[in-house]
Amino acid sequence: MSKYIARRLILSIPVLILSSLIVFGLMRVMPGDALTALMGESGNVSARDLAKLRKELGLDLPYYQQYLIWAWQMVSFNPGYSIFTNEPITVALKKSIPVTIELAVLALIVGLVIAIPIGVVSATRQDKASDYAGRVAAITGLSLPDFWLGTLVITFAAIWFRWIPPLGYASLWDSPWTNLQQFLLPAAVLGFRLSAATMRMTRSTLLEVLREDYVRTAQAKGLGDRIIIYKHALKNALIPVITLVGGQFGTLLAGTVIVETIFALPGMGRLTVEAILFRDYPIVQTNVMLVAVTLVTLNLLVDLTYAWLDPRIRYQ
Amino acid sequence: MAIATAPARSFDEPVAEQISRLRALWAVIKRKPLGMISAALIIVLVFTAIFANLLAPYDPLAAQPEIRLAPPSWAHPFGTDDIGRDVLSRVIYGSRISLWVGLLAVGIGTCAGMVIGLVCGYWEGRLDLVLQRIMDAVMTIPGLILALAIVSVLKPSTTNAMLAIAMVIIPGNSRVVRGAVLSAKQNRFVEAAQAIGCKDYRIIASHILPNVTAPILILASIWLGNAILIEASLSFLGVGTQPPDPSWGLMLSSTGRAFMEQAPWLAVFPGAAISLSVFGFNLFGDTLRDAWDPKLRRTR
Amino acid sequence: MPTAPRPARGRSQVSRRDFLKRTGLGTVALSPLLNGVARRAGAQPAAAYPDWIAPSTKPPKRGKLITRASPWDPPALDPRLTNSVGLFQIASLTSNRLVRFPFSDEAANSTDLTIKGDLAESWQNSPDHRVWTFKLRKGVKWQNVAPLNGRELVAQDIKYCYEAYAKDGVQSFTFQEIEGIETPDKYTVRIHLKMPNTMFLQNLAEPVSVIFAREVLEEDGDLKKRLIGTGPYIMKEHTRKVRVVLARNPDYFDQGRPYIDEYHILSTPDAATRLAAFRSGQSDILFASSLTEVGTLKKTNPDAQVEEYKTVQAVFGLALAQDKPPFNDVRVRRAISMAIDRQKQVDTLYGGHAILGWGIPYFYFQDKAPTAAQLGPYWQYKPAEAKKLLSEAGHPNGFETTLFYYEYFPEMSSQVQLVQQDLKKNLNIEIKISKLDYTTFYTRYAEGKWDGMAWGYKTGYATGLDEHTYQYMHSKSTKNYWRFADPVIDELVTKLRQTSDRNEQRTLTRRVLDREHDQVTRMWMPYDGGFLAWQPSLRNVGSLALRRNDGYGASTLARLWIDK
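Chains as they are written, first to last, in this note's numbering: chain A, 4 to 319; chain B, 3 to 302; chain C, 822 to 1385.
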């Protein structure tokens, strides 16, 4: 087992290095410049001022040097400053990460709470009316664009209920009630999409598992259906679901971008997209690397859980 | 004798397998109403895209600002948009763009992913190690962000959005293909063929590919839906299709949102078009899976 | 100490019948929403909203809080580096200028631009308009925040700021005309200009000419982290992408003001969310870009006060790369201008509520907004003549070109596409549109190397005449994004700076405009300044021309109060 872990860890390193190269490369190749964006919607963009700023920020160095400097910053956990705001990135991250994590966790909970029961029902009553209803609902959830749903929700909340979540993000520790109000709608919107994918996965893997021999055996032995499902089948069916959830993390983060913009939450997604649009390289690079590291870690954890749940995998 | 006949049989089987596959699919479609619905939706979409110029009552680009923001009526069943263009015609022509985006993005992504997956899975070794790490690296970047970055590098346009989406698709596809190739390689026929010294490409064509097509097609059908959605999100972020092209994503994210209260039809119809198409593709993918995934077949 | 966000006001007042009616019809709830859309072409524009909400005659009340959902986040707090409205929505309240334009409760009308003293109490100029002497108010204190700690403002502070502006950054072109500044005593500032400028005072009154704190710049090395001034509001909190909290400055020199205790600016990038915030009472001020948007708002908030933000000039237009072919030929430019149906855009896109488009605030050269006829022959819609002219210029079959833009507001996209259609139909000019994100657009536009066409603009803060003429139109100016160099205009705008007689100024300005329209150097397009909406209990909300008080004109909010 430890060999397995060690091997996976070693393999992650080149992956992370490659990710960093990709994101660095992409940012440098984009037309436009954080500095010209910084000069604002108006006013002089005199060549002299730009050159000076560029030098101060180290943007006139050859690319490989810039890359190495940044790589060192990443490894030493010292991400530097935003070009646009001059704020240390650690500060920006400290403020935005909790928002996105809270949003993701709440969305995940909403998603799972909806998805798993419906998935189970769908699987056990395959091809009956409830299966269809479940599948249609799931696929509808996957078919609606996030921004469409988000805008609908907030517009009609205001028109019909004269209420929208209080603006001006309040952290969970400062004022929990306000915070929950703020996250309710966006988490529901995100969770709806997540539940769709999860529900389908639950359904299909449960279907597979229900055909497995050991389940048939249990049925033959006369164990009640309920026990079979929850004790035997679900546990094994959950393996791919966990994989899916781990995989959905990436989609979740992408989804948060749009939802954070519409519901005015200062999370990582919004920070990253605005940084891309404003060419604020340090922020984009740092954020993407952070996400990459998280994803790699999550994948590792998922695989470990896999291996733990299903001993056969350990011996590969 | 036994060895001599083995290769001969191995060429027949895949073809027969293919036919039986299609038959199985048709059976499933016929039997399950959801399967029929999804097939119908896709046919309608393709039909609309091909015959757009015959179906659309007006020129989708002809602006008549005097009748802008008109609600649905007999003359304009889907209403008119912010500069008086007929929304129905735009939605009809939009099917071309969405289908085009979907097909090209998924086509390129699937083919490239398939090639990479095949190479990695069949030959393994160092090439596999390197390529898979690259794929992993690309997958650590959330899809929308990656697409946004790529389109920002190239100029924002429909074509570049397609390329960006293709890039997002490739790593996942390559992984699935690789997995399918790896499991196909364990097939006795492959061992035997290799033992006789069959050329690699023959082995791939006859034994590996048939096993790979099923999961690929299932994935592709689902990605078709996703591609349309990503294009819409890119338009929302401002880097997708350019005006005045009637892409559903652009219609939904720009005028649809801006005039949501004054003219909800601007968002409802393109939104419904997107949703129905994605719905159709996803459902079709489900149907394919039901028909072809041996583990899901009902045991009668 | 961070102030807790205010609870949402106005719980649901929707009657059961309304609720059923609305939800019953589902998403395509046509009937309640159709009423606002009855506006068709040819419909007379509703003479709906006043262009000036007069200040209340009641005695102002102190206290309370206002919030505003704002689309702009300040990119940086440094006024040397940016002219962005994101900064000045705040800096106009935390800081002062040497002189200023009137506030809403002192203005005679919305185009009243009498110079008033801000930090300066009185001033004089030499007869040749080259030396300007200011006497500062005594006892003006910097805000009681470290490192200023409430010390008194002195003349050296002003000198420091202006010299810093001249040295580096976006203000340098304006301040480089200063030859030298003397501070003979603590309260006197004497400025020597390199050449005469009768309108120098206006430049100092622009919202961007704020006086910042020397100690902050010296201690921090830049002005990006702290914003401390002498103004009516102290920046208590600045959480990026979330909110800015401005708290009343108890030591403000304008005794008794400001009235409101706190002003919260909430970062809200999405337009639908801002509208929703106003409706639910979480935002007190809303900008609506079109008549239809106001109509929608009024349906749910019939008591909201709405003012039409007076449109005195156009801010956007068709910019051509006129330093190269084909656009360097004046005949091509004229032809294009005559092939675009501006009146139709006004009638259809803006419901009649927009101007045809010209580049200098009209009250600088005449009393009433110009009519179509007054804008010159090339501003009229004459497609046949345009076609002839273009053929004469050597393009009988048109040509292909590109146009890039950033969608500042949705109607802009509509306009761009209508222009594309007009030019294709009338001149066979094929335009390929690129709708860009903000950074790409701004970079390409400001760099000045682009080909083809762009939807260009002039900066939003300018109030004074010098800014509108010399600063934007002189060929050597760094703010001349439109890439034209016209020696006639150069001469006229320089002469304008030397003219002190008001009538002469008007005549000269008129000549500048006429020349611009004759040469089509900047092809202004129809523009609607939009509307401002306020919650019913706010007073002194009137926004003056060229000084929208949710943005650059925020300094007048010191006179705002809540009648509750």
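Quick reminder that beta carbons are idealized off the backbone N, C-alpha and C, glycines included.
Check	Outcome
For B/Met116, which of B/Pro266, B/Asp288, B/Pro212, B/Phe261 has the nearest alpha-carbon?	B/Pro212
Under a CB-based cut-off of 8 Å, is A/Met271 close to chain B?	no
Got a sec, what are the start and stop residues for the beta strand (DSSP E) C/Tyr1084 sits in?	1083-1088
Does the segment 198-207 of chain B come close enough to the segment 255-264 of chain B that 3 or more CB-CB pairs lie under 8 Å?	no
Could you round the C-beta distance between A/Gly272 and A/Thr93 to whole angstroms and report it? I think they count as a contact, below 8 Å.	Between A/Thr93 and A/Gly272 the Cβ distance is about 18 Å, and since that is not below 8 Å, they are no contact.
Using three-state DSSP, classify C/Arg1369 as helix, strand or coil.	coil
Would you mind working out which of B/Leu165, B/Ala65, B/Ala58 sits nearest B/Pro79, comparing C-alpha positions?	B/Ala58
Which residues, taken in chain order from the segment 1073-1089 of chain C, show a beta carbon closer than 9 Å to some beta carbon of chain A?	His1085, Leu1087, Ser1088, Thr1089
If we cut at 8 Å on Cβ distances, does C/Arg951 have a partner in chain A?	no
At the 8 Å Cβ level, is B/Ser159 part of the contact set with chain A, yes or no?	no
Can you list, in chain order, the residues of its chain with a C-beta nearer than 7 Å to that of C/Asn1301? Leave out the 5 residues immediately preceding and following it.	Tyr1293, Met1294, His1295
Please report the residue range of the beta strand (DSSP E) in which C/Pro1005 lies.	999-1006
Please determine, among C/Gln1326, C/Arg1154, C/Thr1261, C/Gln1241, the residue with the shortest C-alpha to C-alpha distance to C/Gly1215.	C/Arg1154
Indicate the three-state DSSP secondary structure (helix, strand or coil) for A/Leu203 in the structure shown.	It should be noted that the sequence gives Arg, not Leu, for residue 203 of chain A. Helix at A/Arg203.
Counting only C-beta atoms, is B/Val183 closer than 8 Å to chain A at any point?	no
Short of 6 Å in beta carbon distance, which residues of its chain neighbour B/Val108, apart from the five on each side in sequence? Order them along the chain.	Ala222, Trp225, Leu226, Ala229
Quick check on the DSSP output: the beta strand (DSSP E) that includes C/Lys956 runs from which residue to which?	952-957
How far does the beta strand (DSSP E) with C/Met1020 in it reach, from first residue to last?	No beta strand (DSSP E) contains C/Met1020, which DSSP labels as neither H nor E.
May I ask you to list the residues that DSSP assigns as paired with C/Gly1277?	C/Gly1138
Pick out the complete beta strand (DSSP E) segments inside the segment 121-198 of chain A, 3 residues or longer, and give them in chain order.	none
So, at 7 Å on beta carbons, what are the nonlocal neighbours of C/Thr1019 in its own chain, with the 5 sequence-adjacent residues on each side left out?	His950, Arg1318, Gln1319, Thr1320, Ser1321
Going by alpha carbons, who is nearest to A/Ala191 out of A/Arg128, A/Gly144, A/Lys224?	A/Gly144
Quick check on A/Glu263: buried or exposed, where buried means 16 or more other Cβ atoms within 10 Å of its Cβ?	buried
Which runs of the alpha helix (DSSP H), 4 residues or longer, sit entirely within the segment 53-117 of chain A?	66-78
Does any CB atom of chain B fall closer than 8 Å to the CB of C/Asp1234?	The displayed chain sequence assigns Ser, not Asp, to residue 1234 of chain C. Output row for C/Ser1234: interface = yes.
Since I believe A/Pro269 is in contact with A/Ser99 (beta carbons under 8 Å), could you give me their beta-carbon distance rounded to a whole number of angstroms?	6 Å
Please give me, in chain order, every unbroken run of the beta strand (DSSP E) with length at least 3 that falls completely inside the segment 1130-1213 of chain C.	1137-1141
With DSSP as the reference, label C/Ile1383 as helix, strand or coil.	strand
For C/Pro896, collect the residues of the same chain with a Cβ closer than 8 Å to its Cβ; drop the 5 residues on either side in sequence, then sort them by chain order.	Thr903, Ser905, Gly907, Leu908
Below 8 Å on the Cβ atoms is my guess for B/Leu285 versus A/Ile142; work out the distance and round it to an integer in Å.	6 Å
Kindly indicate the opening and closing residues of the beta strand (DSSP E) around C/His1216.	It is not in any beta strand (DSSP E) - C/His1216 carries neither H nor E in the DSSP assignment.
What do you reckon, are the CB atoms on C/Thr1222 and C/Ile1252 nearer than 8 Å?	yes
Output needed in chain order: residues of the segment 254-267 of chain A with a Cβ under 9 Å from some Cβ in chain C.	Thr264, Ile265, Phe266, Ala267
Mind checking whether C/Val1333 and C/Thr1290 have CB atoms under 8 Å apart?	yes
Do A/Glu90 and C/Arg1061 have their beta-carbon atoms positioned less than 8 Å apart in this structure?	yes
Have a look at C/Phe955, C/Gly971, C/Thr954, C/Ala967 and flag the residue whose alpha-carbon is nearest the alpha-carbon of C/Val961.	C/Gly971
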